[in-house]
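*Asks:* For what it's worth, UniProt numbering labels the leading residue of the sequence shown as 1, then goes sequentially. The beta-carbon is built from N, C-alpha and C at its ideal position, and this holds for glycine as well. Bear in mind that the values here come from a model prediction, so they are computed numbers and not experimental data. Please find one structure pasted underneath; my questions will follow.
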Amino acid sequence: MNGILLLGVAYMVLPLLWLLFAVTKDAKGLYGSSAFSPGGAFVENLQQLMTQDGGIFWRWLGNSVLYAGIGALVCGFVALMAGYAFDKFSFRGKNGLYGFVLVGVLIPNTATVIPLYLLAASVGATNTIWAVLIPAFCNPFSVYLARVFSAGYLPDETLEAARVDGAGPIRSFFSIGLPMLVPGFVTIVLFQFVAIWNNFMLPLIMLQDRDLFPSSVGIALWQSQVQQNPEFSTLVIAGSFVSILPLVLAFIGLQRFWRSGLSAGSVK
């Protein structure tokens with residue numbers, strides 16, 4: 001068992017460790033030196049990254065923050081309301097609707113890209129930020145997690161006491177339910193933030209204007225030019241390194257919330 005765990009750790013850590021060493025090398029050292037030996041071109045690589053094509057990477061990075069930040073926050077709030085409703089309310093067709101949500105969890109995101117593109121094209125929304133943002137506003141897995149968190153964090157007796165005191169359904173959610181579900185909300189937002197940040201197929205299909213590209217598609221654009229110009233390999237490495245920093249900072253900064261959120265979900 002320990003051997004399997006070590007293999008899993010190596011599978012996850014070694015690529016990141018290689019990236020840390022690779023970002024310090026120039027193009028010649030990247031292909032001609034040991035994989036885990038440091039180089040001396042870290043500052044030069046970052047300077048080239050930030051100035052390439054008039055600093056287009058800054059725009060790509062800002063687009064990623066926009067898509068992932070707004071998409072994750074809206075999705076977290078929508079999922080929290082849906083999960084709260086599925087857990088605390090009784091209404092006709094509840095089990096059937098929740099069954100559709102669970103079916104949606106089983107469908108890979110890549111399978112929905114073409115239908116989403118056709119829908120966006122029918123209303124003229126392709127090649128706009130809305131073509132990437134709107135599909136990110138709802139996620140079936142987030143709704144499932146929200147229901148689990150609602151059942152684990154929010155006792156029915158608390159809401160019943162609020163109803164006895166005269167609070168309606170909307171006030172009960174915003175005054176009592178939402179504050180108690182903050183750890184679950186943060187966990188859902190983090191998961192969705194990572195999913196949107198790493199999303200590649202949807203923006204690749206939806207967007208044609210490179211000024212709207214997120215960092216994932218922009219780096220892939222540079223990667224496609226490596227065979228013609230090997231110097232682009234350092235741009236790809238440096239861009240990949242910078243692109244993971246916001247994710248690391250988000251998880252470190254909010255770890256106390258998502259740790260407690262995951263614990264509650266696992267206990268439930």
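Using 8 Å as the threshold, is the segment 162-178 in touch with the segment 212-226, meaning 3 or more CB pairs across them?
*Replies:* Flag = no, the segment 162-178 and the segment 212-226 do not touch.
*Asks:* For the alpha helix (DSSP H) holding A22, just list the boundary residues, first then last.
*Replies:* Residues 2-22.
*Asks:* Hey, quick one: how far does the alpha helix (DSSP H) through F191 stretch, first residue to last?
*Replies:* Start and end: 182-198.
*Asks:* For D87, report the span of its alpha helix (DSSP H) as first-last.
*Replies:* From DSSP, the alpha helix (DSSP H) with D87 extends over 56-88.
*Asks:* Please name the residue, chosen from S142, L207, L235, Q255, that lies closest to residue 273 on a Cα-to-Cα basis.
*Replies:* In the structure as shown, the chain begins at 1 and stops at 268. Residue 273 is therefore absent and cannot be evaluated.
*Asks:* Leaving out five residues before and five after S266 in sequence, what residues of the same chain have Cβ atoms less than 7 Å from its Cβ?
*Replies:* The pLDDT assigned to S266 is 46, lower than 50, so where the model puts this residue is not dependable; a value taken from the coordinates is nonetheless given after this. Taken in chain order, the list of residues that qualify is empty.
*Asks:* Buried or exposed, going by whether 16 or more other CB atoms sit within 10 Å of the CB of F36?
*Replies:* Classification of F36: exposed, given that the 10 Å Cβ count is below 16.
*Asks:* Scan the segment 151-177 and note each continuous alpha helix (DSSP H) run of 4 residues or more that stays entirely inside, going in chain order.
*Replies:* As far as the segment 151-177 is concerned, its whole alpha helix (DSSP H) runs of at least 4 residues are 156-164, 169-172.
*Asks:* Taking G177 and L154 to be in contact with their CB atoms under 8 Å, please state how far apart those CB atoms are, rounded to whole angstroms.
*Replies:* Going by Cβ atoms, the distance from G177 to L154 rounds to 6 Å, so yes, they are a contact pair.
*Asks:* Out of W130, L247, Y84, which has the shortest C-alpha to C-alpha gap to P179?
*Replies:* Of W130, L247, Y84, the residue nearest in Cα terms is Y84.
*Asks:* Compute the Euclidean distance between the alpha carbons of G69 and V9, then round it to the nearest angstrom.
*Replies:* Straight-line Cα distance between these residues: approximately 29 Å.
*Asks:* Please determine if the segment 232-239 and the segment 86-101 are in contact, where contact requires at least 3 C-beta pairs separated by less than 8 Å.
*Replies:* Not touching, per the Cβ criterion.
*Asks:* Are the CB atoms of I188 and A121 within a distance shorter than 8 Å?
*Replies:* For A121 and I188, no; Cβs fall outside 8 Å.
*Asks:* On a Cα-Cα basis, can you pick out the residue from A22, S224, N199 that is closest to T112?
*Replies:* Of the candidates A22, S224, N199, the one whose C-alpha sits nearest the C-alpha of T112 is N199.
*Asks:* Is it right to say P135 is buried, meaning 16 or more other beta carbons lie within 10 angstroms of its own, or is it exposed?
*Replies:* Answer is buried; the Cβ neighbour count reaches 16.
*Asks:* Would the beta-carbon of L46 fall within 8 Å of that of A238?
*Replies:* In this structure, A238 lies closer than 8 Å to L46 by Cβ.
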